[in-house]
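Chains as they are written, first to last, in my numbering: chain S, 4 to 600; chain C, 154 to 507. Worksheet: one structure, shown below.
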Amino acid sequence: MKKVKRNVAILISSSDDDEDFSVKSNFTHTKSKAKSVMTSVPRKNPKRAKTALLSASCPRPSKKGSVFDEMKRFCEEFDDDFTGIKVSAGLQSNNDMWIDKHKPHNLEELAVQKKKVEEVKTWFEERLEAAMDGLSNVLLVAGPSGVGKTATIHAIASNLGVKIWEWTTPTPTVWPEHLHNSNSGLKYMSKLDEFEAFVERVRKYGLTSPTLKGSQASVILLVDDLPVVNVRAAYGRIQRCLTLLVQLVRIPTAIVITNYDKDDSADFSTRCWEELLLSLHSAGACKVNFNPVTVNSIKKTLTAISRKEQREVGADSIDLIAKASGGDIRQAINSLQYLCLKPHRRPILSSKERLDNASCLDDVFCLPFGKDENLSLFHALGKFLHNKRESEHTIASDRDTFLLKEKFVRFPLKMDAPEVILCQAHGQATTLSDFLHENVLDFLSEDAIDDAWLVASYLSDANFLLSSLSGHLSRDFGAQNIIQSAAASVAARGVLFGNAHPVPSRWHAIRRPKLWEVEQSSRRNKRQMFNQRDDLPNSLTTYSQIVMATEFRPSLKWLGCRASESFQADDMVEEDSDSTCLHENKLDLSDDEIEDW
Amino acid sequence: MLWVDKYRPKTLDKVIVHQDVAQNLRKLVSEGDCPHFLFYGPSGSGKKTLIMALLRQIFGPSADKVKVENKIWKVDAGTRTIDVELTTLSSTHHVELNPSDAGFQDRYVVQEIIKEMAKNRPIDTKGKKGFKVLVLNEVDKLSREAQHSLRRTMEKYSASCRLILCSNSSSKVTEAVRSRCLNVRINAPMEEEIVSVLEFIAIKEGLQFPQGFAARIVEKSNRNLRRAVLTFESCRVQQYPFTNNQTIPPMDWEQYVSEIASDIMKEQSPKRLFEVRGKLYELLTNCIPPEIILKRLLFELLKKLDSELKHEVSNWAAHYEHRMRLGQKAIFHLEAFVAKFMSIYKSFLISTFG
Numbered sequence: 004m005k006k007v008k009r010n011v012a013i014l015i016s017s018s019d020d021d022e023d024f025s026v027k028s029n030f031t032h033t034k035s036k037a038k039s040v041m042t043s044v045p046r047k048n049p050k051r052a053k054t055a056l057l058s059a060s061c062p063r064p065s066k067k068g069s070v071f072d073e074m075k076r077f078c079e080e081f082d083d084d085f086t087g088i089k090v091s092a093g094l095q096s097n098n099d100m101w102i103d104k105h106k107p108h109n110l111e112e113l114a115v116q117k118k119k120v121e122e123v124k125t126w127f128e129e130r131l132e133a134a135m136d137g138l139s140n141v142l143l144v145a146g147p148s149g150v151g152k153t154a155t156i157h158a159i160a161s162n163l164g165v166k167i168w169e170w171t172t173p174t175p176t177v178w179p180e181h182l183h184n185s186n187s188g189l190k191y192m193s194k195l196d197e198f199e200a201f202v203e204r205v206r207k208y209g210l211t212s213p214t215l216k217g218s219q220a221s222v223i224l225l226v227d228d229l230p231v232v233n234v235r236a237a238y239g240r241i242q243r244c245l246t247l248l249v250q251l252v253r254i255p256t257a258i259v260i261t262n263y264d265k266d267d268s269a270d271f272s273t274r275c276w277e278e279l280l281l282s283l284h285s286a287g288a289c290k291v292n293f294n295p296v297t298v299n300s301i302k303k304t305l306t307a308i309s310r311k312e313q314r315e316v317g318a319d320s321i322d323l324i325a326k327a328s329g330g331d332i333r334q335a336i337n338s339l340q341y342l343c344l345k346p347h348r349r350p351i352l353s354s355k356e357r358l359d360n361a362s363c364l365d366d367v368f369c370l371p372f373g374k375d376e377n378l379s380l381f382h383a384l385g386k387f388l389h390n391k392r393e394s395e396h397t398i399a400s401d402r403d404t405f406l407l408k409e410k411f412v413r414f415p416l417k418m419d420a421p422e423v424i425l426c427q428a429h430g431q432a433t434t435l436s437d438f439l440h441e442n443v444l445d446f447l448s449e450d451a452i453d454d455a456w457l458v459a460s461y462l463s464d465a466n467f468l469l470s471s472l473s474g475h476l477s478r479d480f481g482a483q484n485i486i487q488s489a490a491a492s493v494a495a496r497g498v499l500f501g502n503a504h505p506v507p508s509r510w511h512a513i514r515r516p517k518l519w520e521v522e523q524s525s526r527r528n529k530r531q532m533f534n535q536r537d538d539l540p541n542s543l544t545t546y547s548q549i550v551m552a553t554e555f556r557p558s559l560k561w562l563g564c565r566a567s568e569s570f571q572a573d574d575m576v577e578e579d580s581d582s583t584c585l586h587e588n589k590l591d592l593s594d595d596e597i598e599d600w
Numbered sequence: 154m155l156w157v158d159k160y161r162p163k164t165l166d167k168v169i170v171h172q173d174v175a176q177n178l179r180k181l182v183s184e185g186d187c188p189h190f191l192f193y194g195p196s197g198s199g200k201k202t203l204i205m206a207l208l209r210q211i212f213g214p215s216a217d218k219v220k221v222e223n224k225i226w227k228v229d230a231g232t233r234t235i236d237v238e239l240t241t242l243s244s245t246h247h248v249e250l251n252p253s254d255a256g257f258q259d260r261y262v263v264q265e266i267i268k269e270m271a272k273n274r275p276i277d278t279k280g281k282k283g284f285k286v287l288v289l290n291e292v293d294k295l296s297r298e299a300q301h302s303l304r305r306t307m308e309k310y311s312a313s314c315r316l317i318l319c320s321n322s323s324s325k326v327t328e329a330v331r332s333r334c335l336n337v338r339i340n341a342p343m344e345e346e347i348v349s350v351l352e353f354i355a356i357k358e359g360l361q362f363p364q365g366f367a368a369r370i371v372e373k374s375n376r377n378l379r380r381a382v383l384t385f386e387s388c389r390v391q392q393y394p395f396t397n398n399q400t401i402p403p404m405d406w407e408q409y410v411s412e413i414a415s416d417i418m419k420e421q422s423p424k425r426l427f428e429v430r431g432k433l434y435e436l437l438t439n440c441i442p443p444e445i446i447l448k449r450l451l452f453e454l455l456k457k458l459d460s461e462l463k464h465e466v467s468n469w470a471a472h473y474e475h476r477m478r479l480g481q482k483a484i485f486h487l488e489a490f491v492a493k494f495m496s497i498y499k500s501f502l503i504s505t506f507g
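As structure tokens, then:
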């Protein structure tokens, strides 16, 4: 019973993914036609999207008639486009999706680098032939999404003629169900709990499931879908349990780990996964890194698929798709299918022109497929700090209806609007302003102290905006968001505007804000000071922190720290350990440098 | 024991500065009348000393037996409980604490402690219920919410509990709280008074100092009695017997600020601004409050400045001090001030000297 349920679950999830994408591509395509509607389209399954749209427009149909019509048109179009893809509720394998239909079945069809495939294959062969003692039976397959990690393993398995036994995430418990269960005495198990139990079972008993009949040797275990963890404790649990698995499992096991957003190294969860990979690797697991699929092999695959489907797709469209996919072959195939749905509606060649004509605000969206570009924080910072501008006013004459004073005039930017960049870099306003503050002075020219003041005053404004967050607005998330983005925008634009005489670009390393260290050590000092205050012998009263810092500590220094000798010693130790860990952090981050471009 | 603590007058009779205030307080207490108090005045003027002496006047010597406790208060804040760690100093009759150490959770602390004190009030020898005294330091640093909750609790528990508030400036204490207290203003002691205190200490310690030596210390101390005594003790450690050409050891951070000021005056460029930032960081690391840094920096800059710029520079300093109070990260605003000063000063130099 449970088994069946699980199968269902996978299918739902996978088809969800695909739908998700299709909706999105549709959405971006129609964007060019009906811009005003787009903003409210939720990226969910099409049916829900439709109802949401309709209901949203219902209250004021008369007033916003045109919008309503547009929405309707959009929805119809939406449905039209989707007649090609039957949205089955996930009861069977959905072969209408090309991504499933043209799944690689043998090694030749794989678009992955031959060397990598070979590497994985030999690994499996070795492990399957003889149980190796002393060597771990776990293979880590890491790489960005959609580069064919899972597909490679499946293809290899079928090539070697072994069965794959896969960990599949059980159905999520919905709230009413949980309520129902708790009445009947069933305890709630999180996904992590179940995963742990599964690993435990595999470790102890191997695969003794009655459904698997063949000999033990011809089975490989695939863990594709690791539970999501967010908290450090949960992360520790998953690390422990995987390490045990690495050390003790007896059947060949492949663990697939997807590196999300590699560039966003400030993110906690990304760092976690990296750490996890490292620790598993050091525990003896073998590791294979998959790179994004090359444009050429994507093109080859796409051509092969379009030939099989007997569709005429121009070579340049395929070229565009392959380039836009960013090495994500799943994305590329989905795009291709979408493109083939309505070939007549899709004058792909003109999209290039559209790219040129599009106004600067939505040129990110004008390709109907492809991933939106993500910028790393450092990339964005580099853009702001280097402040690349045109050397002369190109469009000034006809556009400037009102004249600005000489000192407010700047040459046009050689980049997107700062807000667009901020969006792409999805940086926190606080982090951004800290980084800008730390680094901006390097980019000012030698004697432009006025510029320095201008920049500093804008950063001060940004900080002021950010601090109003901590007050009474803390519960109003909408307002908080607006203020956040306003502050980020003020900081970024302030830096761009203030730096009126940017230095000719040269190479600069972007430093990590020293402010963070200062804050940390000031907090430590404060704690130390409190201890010191409590240790002041026989004082009848407590001194305030200011008095301690400005009067007592300096005097105590002169007095040879008589009062504080005893605990200075153990503070020293603490400080030492702290400083080393700070140092490590610094080493970590010094890699994040940008080059001049 | 530091001299500041050693020679702190224990009773209202023995105080050297503010004798008039002490007399009044004694009269007030001897009549059995004890209102809430608000002591305010600049740092180092003797507020704490007076408060301690006052407590002793009310409760007798047992008020001196204090113990320091680092207590964790469990505060019930509606949906969750918050742990607030705070150091308190208490005797059987009073509790002293710095609620502003608890940061933004200060209002819970104030309410909770007063409630707790009111619950177990002491019974004095005559069998009637006495009152406890709560000494709150740095009331001006309490958040507005905390001050409001203070007002309410003050009224509710006034039968069992007296408050003695202590702050540097009365203007940052809300009107409502001020009107419920007896306000006692403690001026910064006059220079002659400080000299007499130093002489008193010298006699007790058996020290001699040359003519005008005490006056030099006092001059450096900026009419801050505590500072004068601390400096005096440092001088003692530095060199004894005292000589007239002995340098008075300055507070290290003040020296540092004046270095920053001369850096700023020497060169005005982004590069120099960056160096200044490093030095400001150094000060902040040592927990020198940014407002004090800004004030001191302005003071040092004004000393060297042409009088026609003084007005503008002070104006900007005030602007950024306000910003600093509103904002979170002081360095942004401090640096903006320095940059503005550099910009003003540079254009002034160019226009004057070409």
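Just so you know, even glycine gets a beta-carbon here, dropped at the ideal spot from N, CA and C.
Task: G146 (chain S), DSSP secondary structure in three states - done: Mapped onto the first sequence, residue 146 (chain S) falls at position 143. Residue state, collapsed to three classes: strand.
- [ ] Using alpha carbons as the reference points, say which of S:T172, S:W178, S:V202, S:S187 lies closest to K194 (chain S).
- [x] Here residue 194 (chain S) corresponds to residue number 191 of the first sequence, with the count starting at 1. K194 (chain S) has its Cα closest to that of S:T172, out of S:T172, S:W178, S:V202, S:S187.
- [ ] Give the interface partners of H247 (chain C) over in chain S, defined as CB-CB distance under 7 Å, in chain order.
- [x] Position 94 of the second sequence holds residue 247 (chain C). What H247 (chain C) touches in chain S: nothing, since even the nearest Cβ is about 11 Å away.
- [ ] Going by CA-CA distance only, name the one from C:R478, C:S415, C:G199 that's closest to L378 (chain C).
- [x] Position 225 of the second sequence holds residue 378 (chain C). Of the listed residues, the one whose Cα sits closest to L378 (chain C) is C:G199.
Task: chain C residues whose Cβ lies nearer than 7 Å to that of H440 (chain S) - done: As a first step, residue 440 (chain S) is located in the first sequence; it is residue number 437 there, counting from the start. Result: F485.
Task: Coil, strand or helix - D229 (chain C) by DSSP - done: For the purposes of this step, residue 229 (chain C) is identified with residue 76 of the second sequence, where counting begins at 1. Looking at D229 (chain C) - three-state DSSP - the assignment turns out to be strand.
Task: Same chain, Cβ closer than 7 Å to R179 (chain C), five either side skipped, listed in chain order - done: Locating residue 179 (chain C) in the second sequence gives position 26, counting from the first residue. Once the five neighbours on either side are set aside, the close Cβ partners of R179 (chain C) are L165, Q210.
- [ ] Could you pull out every residue in the same chain whose Cβ sits closer than 8 Å to the Cβ of L454 (chain C), ignoring the five residues on either side in sequence?
- [x] The residue labelled residue 454 (chain C) in the question sits at position 301 within the second sequence. Only A414, I417, M418, V466, F494 meet the Cβ criterion.
TODO: Using three-state DSSP, classify P252 (chain C) as helix, strand or coil.
DONE: Looking up residue 252 (chain C) in the second sequence gives position 99. Residue state, collapsed to three classes: helix.
Open item on the list: One question on the structure: do Q421 (chain C) and K499 (chain C) come within less than 8 Å of each other, judged by their Cβ atoms?
Closed with: Your numbering for residue 421 (chain C) matches position 268 in the second sequence. Your numbering for residue 499 (chain C) matches position 346 in the second sequence. Taking 8 Å as the Cβ cut-off, Q421 (chain C) and K499 (chain C) qualify as a contacting pair.
Open item on the list: Is the separation between the beta-carbon of S483 (chain C) and that of P443 (chain C) shorter than 8 Å?
Closed with: Residue numbering aside, residue 483 (chain C) sits at position 330 when the second sequence is read from its first letter. Residue numbering aside, residue 443 (chain C) sits at position 290 when the second sequence is read from its first letter. The sequence given here places Ala at residue 483 (chain C); Ser does not occur at that position. In contact: A483 (chain C) and P443 (chain C) (Cβ atoms closer than 8 Å).
Task: Delimiting residues of the alpha helix (DSSP H) encompassing V170 (chain C) - done: Taking the first residue of the second sequence as 1, we reach residue 170 (chain C) at position 17. Per DSSP, V170 (chain C) belongs to no alpha helix (DSSP H) and is neither H nor E.
Open item on the list: With a threshold of 6 Å on Cβ separation, who are the neighbours of V115 (chain S) within its own chain once the five nearest residues in sequence on each side are excluded?
Closed with: Walking along the first sequence from the start, residue 115 (chain S) turns up at place 112. Result list for V115 (chain S): G151, T155, in chain order.
Task: Selection of the region 405 to 429 of chain C by Cβ proximity to chain S, strictly under 7 Å - done: D405, W406, Q421, S422, P423, L426, F427
TODO: Give the single residue among C:R369, C:V382, C:E428, C:R260 whose Cα lies nearest to the Cα of T400 (chain C).
DONE: As a first step, residue 400 (chain C) is located in the second sequence; it is residue number 247 there, counting from the start. Closest option to T400 (chain C), Cα to Cα, is C:R369.
Open item on the list: At the level of alpha carbons, what is the spacing between G365 (chain C) and N397 (chain C)?
Closed with: Locating residue 365 (chain C) in the second sequence gives position 212, where the first residue counts as 1. Locating residue 397 (chain C) in the second sequence gives position 244, where the first residue counts as 1. Going from the Cα of G365 (chain C) to the Cα of N397 (chain C) covers about 8 Å.
TODO: Measure from the C-beta of L239 (chain C) to each C-beta in chain S and report whether the shortest distance is under 8 Å.
DONE: Residue mapping note: residue 239 (chain C) aligns to position 86 of the second sequence, counting from 1. Answer no: the Cβ-Cβ gap between L239 (chain C) and chain S never drops below 8 Å.
Open item on the list: Measuring straight from C-alpha to C-alpha, what distance separates K124 (chain S) and R243 (chain S)?
Closed with: Against the first sequence, residue 124 (chain S) aligns to sequence position 121. Against the first sequence, residue 243 (chain S) aligns to sequence position 240. About 28 Å.
- [ ] Give a yes or no on whether 8 Å exceeds the smallest Cβ distance from Q391 (chain C) to chain S.
- [x] As a first step, residue 391 (chain C) is located in the second sequence; it is residue number 238 there, counting from the start. Interface residue, yes.
Open item on the list: If contacts are defined as beta-carbon pairs under 8 Å, then L499 (chain S) and F438 (chain S) qualify, I think. What distance do you get, rounded to the angstrom?
Closed with: Indexing the first sequence from 1 puts residue 499 (chain S) at position 496. Indexing the first sequence from 1 puts residue 438 (chain S) at position 435. No, L499 (chain S) and F438 (chain S) are not in contact; Cβ-Cβ is about 14 Å, not under 8 Å.
TODO: Count the other C-beta atoms from every protein chain shown that fall within 10 angstroms of the C-beta of L203 (chain C), then say buried if there are 16 or more, exposed otherwise.
DONE: Within the second sequence, the letter at position 50 stands for residue 203 (chain C). So L203 (chain C) counts as buried.
Open item on the list: Going by beta-carbon coordinates alone, are Y261 (chain C) and I235 (chain C) separated by less than 8 Å?
Closed with: Sequence index remark: in the second sequence, residue 261 (chain C) carries index 108 (1-based). Sequence index remark: in the second sequence, residue 235 (chain C) carries index 82 (1-based). Going by C-beta atoms, Y261 (chain C) is nearer than 8 Å to I235 (chain C).
Open item on the list: Let's test the definition: count the other Cβ atoms within 10 Å of the Cβ of N528 (chain S) and tell me whether it reaches 16, buried, or not, exposed.
Closed with: Here residue 528 (chain S) refers to the residue found at position 525 of the first sequence. Result: buried.
Task: Whether S183 (chain C) touches A216 (chain C) by CB criterion (8 Å) - done: Translated into positions along the second sequence, residue 183 (chain C) becomes position 30. Translated into positions along the second sequence, residue 216 (chain C) becomes position 63. Result no, Cβ atoms of S183 (chain C) and A216 (chain C) do not sit closer than 8 Å.
Open item on the list: Tell me the rounded alpha-carbon separation between T505 (chain C) and F362 (chain C).
Closed with: Counted from its first residue, the second sequence places residue 505 (chain C) at position 352. Counted from its first residue, the second sequence places residue 362 (chain C) at position 209. Their Cα atoms are separated by approximately 48 Å.
Open item on the list: Please classify E129 (chain S) as buried or exposed, where buried requires at least 16 neighbouring CB atoms within 10 angstroms.
Closed with: Taking the first sequence and counting its residues from 1, the one referred to as residue 129 (chain S) is at position 126. Result: exposed.
Task: Alpha carbon of F414 (chain S) to alpha carbon of D454 (chain S), nearest angstrom - done: Stepping through the first sequence from its first residue, residue 414 (chain S) is reached at position 411. Stepping through the first sequence from its first residue, residue 454 (chain S) is reached at position 451. Roughly 15 Å between the two C-alpha positions.
TODO: Pick out the complete alpha helix (DSSP H) segments inside the region 169 to 247 of chain S, 4 residues or longer, and give them in chain order.
DONE: 178 to 187, 194 to 208
- [ ] Kindly indicate if chain C contains any beta-carbon less than 8 Å away from that of L352 (chain S).
- [x] In the first sequence, the residue the question calls residue 352 (chain S) occupies position 349. Its pLDDT being 43, under 50, L352 (chain S) is placed unreliably by the model, and the measurement read from it follows with that caveat. False, the Cβ-Cβ gap to chain C never drops below 8 Å.
Open item on the list: Taking 7 Å as the limit between beta carbons, can you name the residues of its chain near R333 (chain S), skipping five residues before and five after?
Closed with: Working through the first sequence from its first residue, we reach residue 333 (chain S) at position 330. I102, G149.
TODO: Determine the direct distance from the alpha carbon of P162 (chain C) to that of M154 (chain C), and round the result to whole angstroms.
DONE: Here residue 154 (chain C) refers to the residue found at position 1 of the second sequence. Here residue 162 (chain C) refers to the residue found at position 9 of the second sequence. Answer to the nearest angstrom: the Cα atoms are 14 Å apart.
Task: Cutoff 8 Å: K560 (chain S) Cβ touching any chain C Cβ - done: Numbered from 1 along the first sequence, position 557 holds the residue referred to as residue 560 (chain S). Taking Cβ atoms only, chain C reaches closer than 8 Å to K560 (chain S), which makes this a yes.
Open item on the list: What are the residues in the region 199 to 229 of chain C lying within 8 Å of chain S by C-beta distance?
Closed with: K201, I204, M205, D217, V219, V221, N223
Task: Separation of F467 (chain S) from H171 (chain C), as counted between CA atoms - done: Locating residue 171 (chain C) in the second sequence gives position 18, where the first residue counts as 1. Locating residue 467 (chain S) in the first sequence gives position 464, where the first residue counts as 1. So the two alpha carbons sit approximately 42 Å from each other.
Open item on the list: Let's test the definition: count the other Cβ atoms within 10 Å of the Cβ of Y191 (chain S) and tell me whether it reaches 16, buried, or not, exposed.
Closed with: In the first sequence, counting from the first residue as 1, residue 191 (chain S) sits at position 188. Classification for Y191 (chain S): exposed.
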